[in-house]
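The structure appears below as structure tokens.
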Amino acid sequence: MHRNFLFDLDQTLLDFHASEYKALGIVLQANGLSFSDEIYQAFKAYNKSLWLELEKGAITRTELFTKRFLDVFSRCEGNASGLDPLEVNDDFIRTMSVNGVLMDGALEFVGKLKENIPHARIYIASNGATVNAKGRIASTGLDLYIDGLFISEEMGATKPDAAFFDICLAQIAEPKSSCIMIGDSLSSDMLGAKNASLDSVWFMPSGDIEAAMAAYDINYCASSFDELFEVLKRWSSAAELIAP
Ligand SMILES: [Mg+2]
């Protein structure tokens, strides 16, 4: 039975950037500082460059967290002289973890999937921090539709490694052919599905779609939740016909 749906979390069901935006605004304003779109865009760009430095081993996590908030402070109006960047960073992470933001239509989509596909099971397969993922999921009501969570931090393996999917499959305890990976990222979700020989749906594809589909052995694409629902329904019922 083709019924196990593994969903990526960020930019597939939840909007990571919208949560970040919301949390940054809440935390800065609580500390008497100004907040604007420009400040968020600058934070996002600088944060990205810091994560790349961290990946290269050029800076530590503590340095990353400190630097990103010292930079934000320098851009805000208000007095930041008494603020500890690490404390504000902790507050930011905590605030973000209880302020999940759904992708438009995501909750209706998972509800429809559960209602229309017999015995559908919805799993989250996400790289990231457990607290952040669980908190954001619970704060949106998405948790009511989810049968299991696979979060890299507590698994000791990350997408796109096949090891990540081996752990998922062992816990799902059903044939590989009963599972499909759905996500927006080529480098983690689609490459991961390829490495694990899983069926895959590339959600919100962009760029040279045909070339990417061939390179990553992608089975399907979907540019909206309506399209994704049709693709998954077809995939699950096609399997019903083949099943003895
Ligand atoms: Mg994603």
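The sequence shown begins at 8 in the working numbering and counts up by one.
Beta carbons: idealized from backbone N, C-alpha and C, even for Gly.
By the neighbour-count criterion, in which a residue is buried when 16 or more other Cβ atoms sit within 10 angstroms of its Cβ, Arg143 is buried. Ser133 is bridged by DSSP to Ile158. With 6 Å as the limit, the residues whose C-beta approaches a heavy atom of ligand 1 more closely than that are Asp15, Asp17, Gln18, Thr19, Gly190, Asp191 and Ser192, in chain order. Restricted to the stretch 161-204, the alpha helix (DSSP H) segments that are unbroken, complete and at least 4 residues in length are 169-179 and 198-202, listed in chain order. For Leu21, no alpha helix (DSSP H) segment is defined, and its DSSP state is neither H nor E.
The beta carbon of Ser146 sits closer than 7 Å to those of Val105, Asn106 and Gly107, all from its chain and outside the five residues before and after it, given in chain order. Excluding the 5 residues flanking it on each side, Glu115 has same chain C-beta neighbours closer than 8 Å at Phe232, in chain order. DSSP links Trp242 through a beta bridge to no other residue. Between the stretch 81-99 and the stretch 110-130 there are fewer than three C-beta pairs closer than 8 Å, too few to call the two in contact. Scanning its chain for C-beta atoms nearer than 8 Å, with the 5 sequence neighbours on each side dropped, one finds around His126 the residues Met8 and Arg10, in chain order. The straight-line gap separating the alpha-carbon atoms of Val34 and Asn202 is approximately 40 Å.
Note that the C-beta distance between Val208 and Ile189 is below 7 Å. In the three-state reduction of the DSSP assignment, Ser41 falls in the coil class. The criterion of a C-beta distance shorter than 7 Å is not satisfied by Phe12 and Ile153. With respect to the C-alpha of Asp44, the residue from His24, Asn38, Leu59 and Glu60 having the closest C-alpha is His24. Per DSSP, reduced to three states, the secondary structure at Ala52 is helical. If you look at Ala229, you'll find it isn't in any alpha helix (DSSP H); it sits in the beta strand (DSSP E) that goes Tyr227 to Ala229.
Around the beta carbon of Gly199, 16 or more other beta carbons sit within 10 angstroms, so the residue counts as buried.
Where Ser104 is concerned, the enclosing alpha helix (DSSP H) starts and stops at Pro92 to Ser104.
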